[in-house]
Amino acid sequence: MSNPGALKAKIAERGLIRAIAAHSPLSALLAEEAGFDAIWASGFELSALYGLADMSLVTMTQHLDMLRAMAGRVSLPIIADIDTGFGNAINVIHAVREYERAGAAAVVIEDKTFPKVTSLVAGGRQDLVRIEEFEGKIEAAVASRTDPGFLVIARTEALIAGLGEEEALARAAAYEAAGADMILIHSKRQTPEEIESFVRAWRGNAPLVLVPTSYPDLDEKRIRALGRIAVVIYGNHGLRAAVTAMRDAFRRIIADGSAESVSKNIASVEDIFGLQDMDAEKASERRFLK
Ligand code: SPV
Ligand code: MG
Numbered sequence: 024m025s026n027p028g029a030l031k032a033k034i035a036e037r038g039l040i041r042a043i044a045a046h047s048p049l050s051a052l053l054a055e056e057a058g059f060d061a062i063w064a065s066g067f068e069l070s071a072l073y074g075l076a077d078m079s080l081v082t083m084t085q086h087l088d089m090l091r092a093m094a095g096r097v098s099l100p101i102i103a104d105i106d107t108g109f110g111n112a113i114n115v116i117h118a119v120r121e122y123e124r125a126g127a128a129a130v131v132i133e134d135k136t137f138p139k140v141t142s143l144v145a146g147g148r149q150d151l152v153r154i155e156e157f158e159g160k161i162e163a164a165v166a167s168r169t170d171p172g173f174l175v176i177a178r179t180e181a182l183i184a185g186l187g188e189e190e191a192l193a194r195a196a197a198y199e200a201a202g203a204d205m206i207l208i209h210s211k212r213q214t215p216e217e218i219e220s221f222v223r224a225w226r227g228n229a230p231l232v233l234v235p236t237s238y239p240d241l242d243e244k245r246i247r248a249l250g251r252i253a254v255v256i257y258g259n260h261g262l263r264a265a266v267t268a269m270r271d272a273f274r275r276i277i278a279d280g281s282a283e284s285v286s287k288n289i290a291s292v293e294d295i296f297g298l299q300d301m302d303a304e305k306a307s308e309r310r311f312l313k
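Under our numbering, the sequence shown has 57 at position 34, and the numbering climbs by one with no breaks.
Right, dumping it as structure tokens:
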């Protein structure tokens, strides 16, 4: 789907929207089936899909190809996690043009240095670029989009880097002034107090985006009660669920020396045919194969 305004429209209609990470068209289809409002084209999930750390190792082309494949199979708006923008403001210009063309509805750009280190890892190197440098990247993103409905979301990693709320608020305000449509504020605390405090202290107009992975007890009821939050991103749950399910099935087949017991507990082949749109393909065969 290429409808950049779709995300903005959903937020206007629903107040708070739910996005879930996907790393493939198949996971995006399952997200759509479950009733999510948007897809988070997660760098962490795609890196893990390649068996790689989320440290700017997966290239823009790899991420873009996957996003394009997802956009071809689901009608949900896709929020592209473009990490640091793959370099400086010039790289951001190129990335925004490419992601808009590929069918993304929004990009999230984070204020870490390139190459980045994933946010939630203990003891990770979390260096941020200067505020002015990141303002330039946001300005470049805003100037490069062709549709104003394509959202530019600035992500500050100030709390992740341990720089405190004051620095996080100052960066968020600077990024909003540079043109960001929304601010993603990330935290790796195990409890929501750090994020709740930021949200209460936020005086800007830009709505906020949260990723409650390390503090999952901040549920949607509490998020709504906090106000100011437009998007909640469930960051990596599909990938983790898949790992648990695959690991269990694979081990059971080895242990049993057979797939008999596993077969009863996993999706049927017919289920997969449904996700592959086999009926439509069969209908096309009947119509066109002469
Ligand atoms: C991702 O899913 O790639 C994210 C969220 O950026 S996190 O991994 O929590 O940083
Ligand atoms: Mg990421």
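The beta carbon of each residue, even a glycine, is placed where N, CA and C say it ideally should be.
Just so we're clear, the structure is a prediction, and the values are computed from it rather than from any experiment.
In the structure shown, what three-state DSSP assignment does residue i receive?
i       : result
Asp-104 : strand
Met-78  : coil
Ile-62  : strand
Ile-43  : strand
Met-24  : With a pLDDT of only 48 at Met-24, under the threshold of 50, the placement of this residue in the model should not be trusted; the figure read from the coordinates follows. Coil at Met-24, not helix or strand.
Glu-133 : strand
Thr-179 : strand
Val-232 : strand
Leu-186 : coil
Leu-72  : helix
Leu-312 : coil
Leu-207 : strand
Leu-49  : helix
Leu-174 : strand
Leu-30  : helix
Leu-143 : coil
Leu-151 : strand
Arg-168 : coil
Gly-159 : helix
Thr-84  : helix
Phe-109 : coil
Leu-90  : helix
Using the beta-carbon count (16 or more within 10 Å), is residue i buried or exposed?
i       : result
Asn-259 : buried
Pro-235 : buried
Pro-27  : buried
Met-301 : exposed
Ser-291 : exposed
Met-93  : buried
Thr-347 : Examination of residue 347 is not possible in this model, given that the chain is present from 24 through 313 alone.
Glu-189 : exposed
Gly-108 : buried
Val-254 : buried
Phe-311 : exposed
Leu-75  : exposed
Lys-305 : exposed
Lys-313 : exposed
Glu-133 : buried
Leu-52  : buried
Asp-106 : buried
Met-269 : exposed
Ile-183 : buried
Determine the closest residue to residue i out of the options, with distance taken between C-alpha atoms.
i       : options                               : result
Gln-213 : Leu-90, Val-254, Glu-155 and Ser-237  : Ser-237
Trp-63  : Ala-76, Leu-75 and Pro-48             : Pro-48
Leu-39  : Arg-247, Ala-224 and Lys-287          : Arg-247
Gln-149 : Ala-195, His-209, Arg-168 and Thr-84  : His-209
Thr-169 : Thr-84, Ala-125, Leu-298 and Glu-199  : Ala-125
Ala-44  : Leu-53, Ser-65 and His-86             : Ser-65
Ala-164 : Leu-207, Ala-191, Val-131 and Leu-186 : Val-131
Ala-191 : Ala-32, Pro-138, Ser-79 and Ala-181   : Ala-181
Arg-245 : Leu-87, Pro-215 and Leu-298           : Pro-215
Leu-186 : Glu-283, Gly-202 and Leu-151          : Leu-151
Ala-54  : Arg-309, Leu-298 and Arg-178          : Leu-298
Tyr-198 : Val-175, Lys-211, Ile-183 and Ala-184 : Val-175
Leu-30  : Glu-293, Ser-307, Asp-294 and Asp-204 : Asp-204
Asn-111 : Lys-135, Leu-90 and Ala-128           : Lys-135
Glu-178 : Ser-167, Pro-171, Ala-193 and Ile-113 : Rather than Glu, the amino acid found at residue 178 in this sequence is Arg. Measuring from the Cα of Arg-178, the nearest candidate turns out to be Ala-193.
Val-115 : Ile-34, Ala-166 and Arg-275           : Ala-166
Ala-200 : Ala-229, Phe-173 and Arg-275          : Ala-229
Arg-251 : Leu-241, Thr-267, Thr-84 and Val-232  : Val-232
His-46  : Asp-88, Arg-37, Glu-156 and Ala-32    : Asp-88
Phe-137 : Met-78, Phe-173, Ile-206 and Gly-202  : Met-78
Ala-129 : Gly-95, Gly-172 and Arg-91            : Gly-172
Pair every Cβ in the region 139 to 147 with every Cβ in the region 113 to 130, then say whether three or more of these pairs are closer than 8 Å.
-> no
Could you tell me whether the region 59 to 77 touches the region 254 to 271, using the rule of 3 or more Cβ pairs below 8 Å?
-> yes
On the three-pair Cβ rule with 8 Å, is the region 95 to 113 touching the region 51 to 60?
-> yes
Pick out the complete alpha helix (DSSP H) segments inside the region 252 to 300, 4 residues or longer, and give them in chain order.
-> 260 to 279, 283 to 286 and 292 to 298
Below 8 Å, can you find three or more Cβ-Cβ pairs linking the region 149 to 163 to the region 218 to 226?
-> no
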